[in-house]
Amino acid sequence: MMYSHKMILAASIAAASSQLMANGLSLNEQSASSAGSAYAGRASSADNASVLYGNPAAMSRLKRAEVSGGLAFIDASTDISDASGPFPGTNDGDMVPFSAVPFGYYVTPINEKLHAGIGLYVPFGVESDYEDSFQGRYHGLNSLVQVVTIQPTISYAFNDKVSVGFGPTINHIEGKLTSALPNVLYGGSGDADVDIEGDDIGYGYNLGVLVAVSDRLDWGLTYHSKVDFTLEGDTTVSGGNGLLGPVPPNPMIPTGLPGLNGKYDAELDITMPESIDTSFSFQATEELTLHAGATWTRWSRLEGIEVENSGVHPAYAADFGTVSEELNWEDTWAVAIGGAYQLNPDWVLRAGYAKDRTPTSDMDRTVRIPVSDRDIVTLGAGWNVSEDLTLDAAYAYIDEKEGRVSQQTYSADFENSAHGLALQATYRF
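Those letters in the sequence shown? Residues 2 to 430, per our numbering, in order.
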């Protein structure tokens, strides 16, 4: 009966981000100006205060105090085909609602060498919603999870060639996830509902270095640390005919037992992985800047997960007390190239391409994380409205390869795609 409870594990993995520009569980939506060139020069350029996330060392390149913020909008679609399993159901797909990801930053010079700032952004998150009759409902239905990070940051310029930056991160994770539970396993009928809610605060840090290799070439390196979370919350089981009150006669379960319906204390540990981002920015001409970058993420930290549910009747403890599941994720590389063309003093045009590998495989992919290898094409523009105000916008098209989900009671092919629009305003004073 173990498979029927694996939906509990969804809380620990913060669900899927298949609709967004980074793979696995990450989000890339922290800057519209960087998005225009597919984040290819995120660690080596200093367009505005959003460098606080991209490379805190690059704050040293900002001449005035800046406040910069915006929103990234995501419109995703998913096609499900060739579905099979022992339970009937539908496979409508398109389970990702239209969503928005906010970000905001403030950076100010303290003196010629020292800068300080603070940022608010969302490094991990998801919102997905399968229909109630989804054929894979016993492995996942609804997911609403996000990590919100506050990052106070300082940078120091040793000279006009080398600068460094550091910022501790305060990360709050919260989530609510639901799945169905088949009562037939307990001698009943219909589906019960499993509702999981939990939250925690974890701490980490980001640091970076920026080097002017020459007058025309910059190199940057950024390290985003791992963050450990221990989510504490509730697992609630309700509904159905068979889990309400005493369990009906069942040769596998002794008579007279209470039903599973109720609320249980839940606890689980998870580590969001560290990543290293490096890039080069080359001033090819007075108008044209070229970017190339790569990101390594240590997804192998997510080998598996374990959830502890307290207060479960001993008869159910083997299935519902401690639940574990293997993920077998692997470390990944993402690569990107892009450029920016200064059309005139008021307008800059951007474009980019990225290729992002998935940390999972056909053997281990799940309905909550049905991500595959993806290609991303971006276009963007920046408008200097005045010396003090700049507006940036970027469009992205994300196309994923088809990936197979093969879980114990459900198998299907998933193919994801998405359109993204990021808007940002920067004011200098």
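In this text, a Cβ means the ideal position worked out from N, Cα and C, and glycines have one as well.
All values derive from a computational prediction rather than experimental measurement.
Report yes if the C-beta distance between GLY137 and VAL368 is below 7 Å; otherwise report no.
Against the sequence shown, residue 137 aligns to sequence position 136. Against the sequence shown, residue 368 aligns to sequence position 367. Yes, Cβ-Cβ distance for GLY137 and VAL368 is below 7 Å.
Taking 7 Å as the limit between beta carbons, can you name the residues of its chain near GLY322, skipping five residues before and five after?
Translated into positions along the sequence shown, residue 322 becomes position 321. Contacts found: ASN310 and VAL313.
Nearest to ILE75 by alpha carbon, out of MET60, THR91, SER100 and PHE88?
For the purposes of this step, residue 75 is taken as residue 74 along the sequence shown, with counting starting at 1. Comparing Cα-Cα distances from ILE75 to each of MET60, THR91, SER100 and PHE88, the minimum goes to SER100.
Could you pull the start and end residues of the beta strand (DSSP E) that VAL336 belongs to?
Here residue 336 refers to the residue found at position 335 when the sequence shown is read from its first residue. Its beta strand (DSSP E) spans residues 333-343.
Below 8 Å on the Cβ atoms is my contact criterion, and I expect LEU72 with VAL102 to pass it. Report the Cβ-Cβ distance as a whole number of Å.
For the purposes of this step, residue 72 is taken as the residue at position 71 of the sequence shown. For the purposes of this step, residue 102 is taken as the residue at position 101 of the sequence shown. LEU72 to VAL102, Cβ: 7 Å. Contact.
Taking the C-alpha atoms as reference points, what is the distance between THR272 and TYR40?
Here residue 272 is taken as the residue at index 271 of the sequence shown, counted from 1. Here residue 40 is taken as the residue at index 39 of the sequence shown, counted from 1. Straight-line Cα distance between these residues: approximately 24 Å.
Measuring CA to CA, which of GLY294, SER301 and ASN345 is closest to ALA335?
Translated into positions along the sequence shown, residue 335 becomes position 334. Ranking GLY294, SER301 and ASN345 by Cα distance to ALA335 puts GLY294 first.
For ALA41, does the three-state DSSP call read helix, strand or coil?
Position 40 of the sequence shown, counted from the first residue, corresponds to residue 41. Secondary structure at ALA41: coil, using DSSP grouped into helix, strand and coil.
Would you please state the rounded distance, in angstroms, between the beta carbons of GLU331 and TRP300? I believe it to be under 8 Å.
Locating residue 331 in the sequence shown gives position 330, counting from the first residue. Locating residue 300 in the sequence shown gives position 299, counting from the first residue. In this structure GLU331 is in contact with TRP300, their Cβ atoms being roughly 6 Å apart against a cut-off of 8 Å.
Should MET96 and SER134 be called a contact, given that it needs their Cβ atoms to be closer than 7 Å?
For this step, residue 96 is matched to residue 95 along the sequence shown. For this step, residue 134 is matched to residue 133 along the sequence shown. Cβ distance not < 7 Å, so MET96 and SER134 don't count as in contact.
Using a Cβ-Cβ cutoff of less than 6 Å, which residues in the same chain neighbour VAL68 once the five nearest sequence positions on both sides are dropped?
Numbered from its first residue, the sequence shown carries residue 68 at position 67. Around VAL68: TYR107 and TYR428.
I'd like the list of long-range same chain contacts for GLY209, defined as Cβ closer than 6 Å, with 5 residues on each side in sequence excluded.
On the sequence shown, position 208 is the one that residue 209 refers to. Within the same chain, GLY209 has close Cβ partners ASN56, PRO57, ALA58, GLY166 and THR223.
Out of PRO153, THR237 and GLY168, which has the shortest C-alpha to C-alpha gap to LEU182?
For the purposes of this step, residue 182 is taken as residue 181 along the sequence shown, with counting starting at 1. Minimum Cα distance to LEU182 is reached at THR237.
VAL148 to ASP357, Cα distance in whole Å?
Taking the first residue of the sequence shown as position 1, residue 148 is located at position 147. Taking the first residue of the sequence shown as position 1, residue 357 is located at position 356. Answer to the nearest angstrom: the Cα atoms are 21 Å apart.
On the DSSP bridge list, what partners appear for LEU232?
Taking the first residue of the sequence shown as position 1, residue 232 is located at position 231. DSSP, once it has assigned bridges, lists LEU269 as partnering LEU232.
What are the complete alpha helix (DSSP H) segments, minimum 4 residues, inside the stretch 283-370?
318-321
Where does LEU53 fall in DSSP's three states?
The residue labelled residue 53 in the question sits at position 52 within the sequence shown. Of the three classes helix, strand and coil, the one that applies to LEU53 here is helix, per DSSP.
Scan the stretch 60-123 and note each continuous alpha helix (DSSP H) run of 4 residues or more that stays entirely inside, going in chain order.
DSSP runs (the alpha helix (DSSP H)) wholly in the stretch 60-123: none.
Which whole runs of the beta strand (DSSP E) in the stretch 113-174 are 3 residues long or more, in chain order?
115-130 and 143-158
Cβ of VAL278 within 7 Å of Cβ of THR296?
Start at 1 with the first residue of the sequence shown, and residue 278 comes out as number 277. Start at 1 with the first residue of the sequence shown, and residue 296 comes out as number 295. For the record, residue 278 in the displayed sequence is Asp; it is not Val. It is a contact, given that the beta carbons lie within the stated cut-off.
DSSP has ASP393 in a bridge; who is on the other side?
The residue you call residue 393 lines up with position 392 of the sequence shown. ASP393 is bridged to GLY383 and GLN425.
Pull up the CB-CB distance for ILE171 and TYR204, whole angstroms please, since I reckon it's below 8 Å.
Locating residue 171 in the sequence shown gives position 170, where the first residue counts as 1. Locating residue 204 in the sequence shown gives position 203, where the first residue counts as 1. Right, the Cβ-Cβ distance comes to about 6 Å (below 8 Å), so this counts as a contact.
When burial is assigned at 16 or more other CB atoms within 10 Å of the CB, is LEU344 buried or exposed?
Mapped onto the sequence shown, residue 344 falls at position 343. Per the 10 Å Cβ criterion, exposed.
How should VAL433 be labelled, buried or exposed, when 16 other C-beta atoms within 10 angstroms of its C-beta is the threshold for buried?
Residue 433 cannot be examined here, being either before or after the span of the chain that is shown, 2 to 430.
Would you report the Cα separation of ALA419 and ASP400, rounded to the nearest angstrom?
Counting from 1 along the sequence shown, the entry for residue 419 is found at position 418. Counting from 1 along the sequence shown, the entry for residue 400 is found at position 399. Roughly 7 Å between the two C-alpha positions.
Are there 16 or more other CB atoms within 10 angstroms of the CB of THR431, so buried, or fewer, so exposed?
Examination of residue 431 is not possible in this model, given that the chain is present from 2 through 430 alone.
State yes or no: is the C-beta of LEU380 within less than 7 Å of the C-beta of TYR354?
Working through the sequence shown from its first residue, we reach residue 380 at position 379. Working through the sequence shown from its first residue, we reach residue 354 at position 353. Taking 7 Å as the Cβ cut-off, LEU380 and TYR354 do not qualify as a contacting pair.
Going by DSSP, what residue range makes up the alpha helix (DSSP H) through ALA36?
As a first step, residue 36 is located in the sequence shown; it is residue number 35 there, counting from the start. First-last of the alpha helix (DSSP H) with ALA36: 33-36.
Determine which residues share a DSSP beta bridge with ASN207 and list them.
Locating residue 207 in the sequence shown gives position 206, counting from the first residue. Paired residue(s): GLY168 and HIS225.
With a 10 Å radius around its C-beta and 16 neighbouring C-beta atoms as the bar for buried, classify THR150 as buried or exposed.
Locating residue 150 in the sequence shown gives position 149, counting from the first residue. Burial call: buried.
Kindly list the residues whose CB is nearer than 6 Å to the CB of ASP374, restricted to its own chain and excluding five residues on each side of it in sequence; keep chain order.
As a working mapping, residue 374 is identified with position 373 in the sequence shown. Only ARG358, THR359 and LYS402 meet the Cβ criterion.
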